[in-house]
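> Chains as they are written, first to last, in this note's numbering: chain A, 1 to 114; chain B, 1 to 111. Glycine included, C-beta positions come from ideal geometry on N, C-alpha and C. Computed from a predicted structure; not experimentally measured. Starting off with a structure, shown below.
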């Protein structure tokens, strides 16, 4: 199994640009999670999906952030417009159930907004 | 406000030393406490603790939870350079069905 796949691995963009981060969960995993990690705020859960349906998006910082899961094998996290304070590592994780300890994390996307 | 505090924030030790990492928390409707190891990439799960006083052990790593005093410790004995990483503590709450991560302890083990 290839594990959770994220792309791109690194992204550098300018303030105001749209950024799209992508995630392919492990096949058979019904839950998908998006996290953000910064030095200031640590690791934060942004949103999670169950069977492609967003369940809890209360961690999404503001309306500039949106996430979709059009099918069981693909999810996107979009930031529009991006700001320098969005610079962070964004992790996607998937699991068969809601339990925190069963989640498999992807390698992350390191985003730098100039 | 729910929060998770870890100490120390960074630590440098020599190979062979024993280290103790601390995690204290304040959370509504505690469900579990989790420890992760994060090297250069994504966090990897180490332990989940739900009951006080029961030690979880995996090789040179062990952890215990005190639900009365609201803290947990992670012990690493006979440290090796491969233990160098950030160790994250996280707490799950049943009230929000959410997880709150601490800032992490950055451990460096030098030969």
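(1) Taking the continuous beta strand (DSSP E) assigned at residue 93 of chain A, which residues delimit it?
(2) Listed in chain order, which residues of the region 91–105 of chain B have Cβ atoms closer than 9 Å to some Cβ of chain A?
(3) Classify residue 53 of chain A as buried or exposed, calling it buried when 16 or more other Cβ atoms lie within 10 Å of its own Cβ.
(4) To be precise: take each residue of the region 95–108 of chain A, compare its Cβ to all Cβ atoms of chain E, and keep it if any distance is under 9 Å. Which residues remain?
(5) Under 8 Å, Cβ to Cβ, is there at least one residue of chain B near residue 49 of chain A?
(6) Assign residue 33 of chain B to one of two classes, buried (16 or more other C-beta atoms within 10 Å of its C-beta) or exposed (fewer than that).
(7) Across the region 92–104 of chain B and the region 20–29 of chain B, are there enough close Cβ pairs to call them in contact, namely three or more that are closer than 8 Å?
(8) What's the gap between the Cα of residue 13 of chain B and the Cα of residue 87 of chain A?
(9) In chain A, which residues lie less than 7 Å from residue 42 of chain B when you measure between Cβ atoms?
(10) Using a beta-carbon distance below 8 Å, is residue 30 of chain B in contact with chain A?
(11) Quick check on the burial criterion: 16 or more other C-beta atoms within 10 angstroms. Buried or exposed for residue 83 of chain B?
(12) Pick from A:46, A:68 and A:50: whose alpha carbon is nearest that of residue 58 of chain A?
(13) Under 6 Å Cβ to Cβ from residue 21 of chain A, same chain only, skipping five residues before and after it: list those, please.
(14) In three-state terms, what does DSSP make of residue 98 of chain A?
(15) With 9 Å as the limit, tell me which residues of the region 51–76 of chain A have their beta carbon closer than that to any beta carbon of chain B; keep them in chain order.
(16) So what's residue 107 of chain A in DSSP terms, helix, strand or just coil?
(17) Looking at chain A, which residues of the region 55–72 of chain B have a Cβ within less than 9 Å of any of its Cβ atoms?
Short version:
(1) 88–95
(2) 92, 96, 97, 98, 99, 100, 101, 102, 103 and 104
(3) exposed
(4) Given the protein chain composition of this structure (A and B), no chain E is represented.
(5) no
(6) buried
(7) yes
(8) 31 Å
(9) 91, 105, 106, 107 and 108
(10) no
(11) buried
(12) A:46
(13) 77, 90 and 109
(14) coil
(15) 55, 56, 58 and 59
(16) coil
(17) none
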